[in-house]
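Visitor: Top to bottom, those sequences are chains E and B.
Convert by adding 13 to the 1-based position in the first sequence; the result is the number in the numbering used here.
Convert by adding 13 to the 1-based position in the second sequence; the result is the number in the numbering used here.
We put the beta carbon where it would ideally sit given N, CA and C, even for glycine.
Number of protein chains: 2
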Amino acid sequence: MEIIYTPIGTIHTPFNDIKNMPIQPTGASHVEGKIEIRQEFMEGLQDLDGFSHIILLYHLHKVKSHKLVVIPFLDTQPRGLFSTRAPKRPNPIGLSVVKLLKIEKNILCVSHLDMLDGTPLLDIKPYVPEFERYESIKIGWVENARGRAKKQKSDDRFR
Amino acid sequence: MEIIYTPIGTIHTPFNDIKNMPIQPTGASHVEGKIEIRQEFMEGLQDLDGFSHIILLYHLHKVKSHKLVVIPFLDTQPRGLFSTRAPKRPNPIGLSVVKLLKIEKNILCVSHLDMLDGTPLLDIKPYVPEFERYESIKIGWVENARGRAKKQKSDDRFR
Numbered sequence: 014m015e016i017i018y019t020p021i022g023t024i025h026t027p028f029n030d031i032k033n034m035p036i037q038p039t040g041a042s043h044v045e046g047k048i049e050i051r052q053e054f055m056e057g058l059q060d061l062d063g064f065s066h067i068i069l070l071y072h073l074h075k076v077k078s079h080k081l082v083v084i085p086f087l088d089t090q091p092r093g094l095f096s097t098r099a100p101k102r103p104n105p106i107g108l109s110v111v112k113l114l115k116i117e118k119n120i121l122c123v124s125h126l127d128m129l130d131g132t133p134l135l136d137i138k139p140y141v142p143e144f145e146r147y148e149s150i151k152i153g154w155v156e157n158a159r160g161r162a163k164k165q166k167s168d169d170r171f172r
Numbered sequence: 014m015e016i017i018y019t020p021i022g023t024i025h026t027p028f029n030d031i032k033n034m035p036i037q038p039t040g041a042s043h044v045e046g047k048i049e050i051r052q053e054f055m056e057g058l059q060d061l062d063g064f065s066h067i068i069l070l071y072h073l074h075k076v077k078s079h080k081l082v083v084i085p086f087l088d089t090q091p092r093g094l095f096s097t098r099a100p101k102r103p104n105p106i107g108l109s110v111v112k113l114l115k116i117e118k119n120i121l122c123v124s125h126l127d128m129l130d131g132t133p134l135l136d137i138k139p140y141v142p143e144f145e146r147y148e149s150i151k152i153g154w155v156e157n158a159r160g161r162a163k164k165q166k167s168d169d170r171f172r
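1. In its own chain, which residues sit with a C-beta less than 6 angstroms from the C-beta of E/Glu148, not counting the 5 before and 5 after it?
2. Could you check the C-alpha separation between E/Ser167 and B/Lys115 for me, to the nearest Å?
3. Tell me whether B/Ile67 is buried or exposed, calling it buried when 16 or more other Cβ atoms sit within 10 Å of its Cβ.
4. With 7 angstroms as the C-beta to C-beta threshold (strictly closer), list the residues of the segment 32 to 64 of chain E near chain B in chain order.
5. Put E/Val111 into one of helix, strand or coil per three-state DSSP.
6. Would you please state the rounded distance, in angstroms, between the beta carbons of E/Ile21 and E/Lys75? I believe it to be under 8 angstroms.
7. Comparing C-alpha positions only, which one of E/Arg102, E/Leu126, E/Lys77 sits nearest to E/Ile48?
8. With a 10 Å radius around its C-beta and 16 neighbouring C-beta atoms as the bar for buried, classify E/Asp136 as buried or exposed.
9. Going straight from the alpha carbon of B/Gly63 to that of B/His25, what length do you get?
10. Rounded C-beta distance between B/Lys112 and B/Val123? I'm assuming under 8 angstroms.
11. Please state if the CB of B/Leu73 and the CB of B/Val83 are separated by a distance shorter than 8 angstroms.
12. By Cβ distance below 8 angstroms, which residues in the same chain neighbour B/Ile106 in space, the five residues on each side in sequence not counted?
13. Taking the alpha-carbon positions, what's the E/Ala158 to E/Pro91 distance?
14. Quick check: is the beta carbon of E/His25 nearer than 8 angstroms to any beta carbon in chain B?
15. Looking only at C-alpha atoms, which of B/Asp60, B/Phe144, B/Met55, B/Pro85 sits nearest to E/Gln37?
16. If you draw a straight line from the C-alpha of B/Met14 to the C-alpha of E/Leu87, how long is it?
17. List the DSSP bridge partners of B/Pro133.
18. When you check each C-beta in the segment 114 to 135 of chain B against every C-beta of chain E, which residues fall closer than 8 angstroms?
19. Contact defined as beta carbons within less than 8 angstroms: I believe E/Asn104 pairs with E/Ile50. What is the distance between those atoms, to the nearest angstrom?
20. Please list the terminal residues of the continuous beta strand (DSSP E) segment that includes E/Ser167.
21. Which one or two residues does DSSP pair with E/Ser124 in a beta bridge?
22. By Cβ distance, which residues of its chain are closer than 6 angstroms to E/Val44, with the 5 residues on each side in sequence left out?
23. If you draw a straight line from the C-alpha of E/Ser65 to the C-alpha of B/Lys151, how long is it?
24. Going straight from the alpha carbon of B/Thr23 to that of E/Thr19, what length do you get?
25. Report the residues of the segment 136 to 153 of chain B with a CB closer than 9 angstroms to any CB of chain E, ordered along the chain.
26. Using only alpha-carbon positions, find the residue among B/Leu58, B/Asn29, B/Gly131 that is nearest to B/Asp169.
27. Tell me whether B/Leu73 sits in a helix, a strand or coil according to DSSP, three-state version.
28. Quick one: list the residues of chain B neighbouring E/Phe95, beta-carbon separation under 9 angstroms, in chain order.
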């Protein structure tokens, strides 16, 4: 079974190489950029300006293969891929919650970007914390790396 | 530009019709089901059992068209699609954070399911609140519907 998607726009960021990038949006508060939405989808942006944060789903377009066990940036041990946010996934879909600064026609100005320049955008959803709010959360191996995602930069292990 | 994905598994839920379903996982705490991961991806599930909650990205397989302005379940006013979680999207990718109960080989037992039975799974990511944690969040039109996502059920407006 094949599922075919077409980008709704393009994410423009300052990053042209996967090395030395922020590994999560919370480590990219200073990173601003623009998202260009294709004209045909502009009407769907109505009401989005009331939200301070939005969820971006995008295609990790430089990924050409996957690895089921990886050593993530936040660890020194091999971990199962699906317990990590590593980019080389069977379906390389990226997820980032970013801050929406303003909307001008079909251009979204945002901060907290942690993806490559030219990344094809698949979907935007409003970020509503109560939709995903849980108590008693266990975060597995990431527990040992608590707080480090903000400062850690990427290297080229997933090139 | 076409992006082609292949499901990594299938989500089995009690829901065979889009009517009268929970509209968000937080309204589906009692809804349990199983996710069957394809054998070839089983190795990637290592270490996932340490996490209490996981992010599912899936293909809304019954969606055959999109609408750029919709009246969402939580409102009576038309809203831009991208400011809603409505399913009829240009790229119909669903996102749900669900509770992971246990893993038995390639089967994940989970609760908080809010998607149709037979939904093709695209990706699993670990749910780590600090990766998406922000302060001063504004939730636009959803502000008027605060707390209602837990009880609201779907109707057939997006059939």
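Guide: This is what the structure holds:
1. Here residue 148 of chain E refers to the residue found at position 135 when the first sequence is read from its first residue. Same-chain partners within the cutoff: there are none.
2. In the first sequence, the residue the question calls residue 167 of chain E occupies position 154. In the second sequence, the residue the question calls residue 115 of chain B occupies position 102. The alpha-carbon of E/Ser167 is positioned some 32 angstroms away from that of B/Lys115.
3. The count along the second sequence starts at 1 and reaches residue 67 of chain B at position 54. Answer is buried; the Cβ neighbour count reaches 16.
4. Going along the segment 32 to 64 of chain E in chain order, one finds Gln37, Thr39, Phe54, Glu56, Gly57, Leu58, Gln59, Asp60, Leu61, Gly63, Phe64 with a Cβ nearer than 7 angstroms to chain B.
5. Mapped onto the first sequence, residue 111 of chain E falls at position 98. E/Val111 falls in the strand class under three-state DSSP.
6. By one-based count along the first sequence, residue 21 of chain E stands at place 8. By one-based count along the first sequence, residue 75 of chain E stands at place 62. Not a contact, Cβ separation roughly 19 angstroms.
7. Mapped onto the first sequence, residue 48 of chain E falls at position 35. Among E/Arg102, E/Leu126, E/Lys77, the Cα nearest to that of E/Ile48 is on E/Leu126.
8. One-based indexing of the first sequence puts residue 136 of chain E at position 123. E/Asp136 counts as buried, since at least 16 other C-beta atoms from the protein chains shown sit within 10 angstroms of its C-beta.
9. One-based indexing of the second sequence puts residue 63 of chain B at position 50. One-based indexing of the second sequence puts residue 25 of chain B at position 12. Using only the alpha carbons, I get a separation of about 22 angstroms.
10. For the purposes of this step, residue 112 of chain B is identified with residue 99 of the second sequence, where counting begins at 1. For the purposes of this step, residue 123 of chain B is identified with residue 110 of the second sequence, where counting begins at 1. About 6 angstroms; that satisfies the 8 angstroms criterion.
11. As a first step, residue 83 of chain B must be located in the second sequence, where it is residue number 70. As a first step, residue 73 of chain B must be located in the second sequence, where it is residue number 60. The answer is no: Cβ separation not under 8 angstroms.
12. Looking up residue 106 of chain B in the second sequence gives position 93. Taken in chain order, the residues that qualify are Leu70, Tyr71, His72, Leu73, Leu135.
13. For the purposes of this step, residue 158 of chain E is taken as residue 145 along the first sequence, with counting starting at 1. For the purposes of this step, residue 91 of chain E is taken as residue 78 along the first sequence, with counting starting at 1. About 14 angstroms.
14. On the first sequence, position 12 is the one that residue 25 of chain E refers to. Not an interface residue.
15. On the first sequence, residue 37 of chain E is found 24 positions in, with the first residue counted as 1. Ranking B/Asp60, B/Phe144, B/Met55, B/Pro85 by Cα distance to E/Gln37 puts B/Phe144 first.
16. On the second sequence, residue 14 of chain B is found 1 positions in, with the first residue counted as 1. On the first sequence, residue 87 of chain E is found 74 positions in, with the first residue counted as 1. Taking the straight line joining both Cα atoms gives about 33 angstroms.
17. As a position in the second sequence, residue 133 of chain B is number 120, starting the count at 1. B/Pro133 pairs with B/Thr23.
18. Here the close residues are Pro133, Leu135.
19. Here residue 104 of chain E refers to the residue found at position 91 when the first sequence is read from its first residue. Here residue 50 of chain E refers to the residue found at position 37 when the first sequence is read from its first residue. Not really, about 22 angstroms apart at Cβ, beyond 8 angstroms.
20. As a first step, residue 167 of chain E is located in the first sequence; it is residue number 154 there, counting from the start. Taken as a continuous stretch (DSSP letters only), E/Ser167 belongs to no beta strand (DSSP E), as it is neither H nor E.
21. Taking the first sequence and counting its residues from 1, the one referred to as residue 124 of chain E is at position 111. E/Ser124 pairs with E/Glu45, E/Lys112.
22. Residue 44 of chain E sits at position 31 when you count from the first residue of the first sequence. Same-chain partners within the cutoff: Leu126.
23. Taking the first residue of the first sequence as 1, we reach residue 65 of chain E at position 52. Taking the first residue of the second sequence as 1, we reach residue 151 of chain B at position 138. Near 5 angstroms, if we compare the C-alpha coordinates of B/Lys151 and E/Ser65.
24. Mapped onto the second sequence, residue 23 of chain B falls at position 10. Mapped onto the first sequence, residue 19 of chain E falls at position 6. When rounded, the distance between both Cα atoms is 22 angstroms.
25. Asp136, Ile137, Lys138, Pro139, Tyr140, Val141, Pro142, Glu143, Phe144, Glu145, Arg146, Tyr147, Ser149, Ile150, Lys151, Ile152, Gly153
26. Locating residue 169 of chain B in the second sequence gives position 156, counting from the first residue. Selected option, being the one with the closest Cα: B/Asn29.
27. Your numbering for residue 73 of chain B matches position 60 in the second sequence. In the structure shown, B/Leu73 falls within a coil segment according to DSSP collapsed to helix, strand and coil.
28. If you number the first sequence from 1, residue 95 of chain E lands on position 82. Correct list: Ile21, Ile50, Phe54, Gly57, Leu58, Gln59, Asp60, Leu61, Ile67, Asp136, Ile137, Lys138, Pro139.
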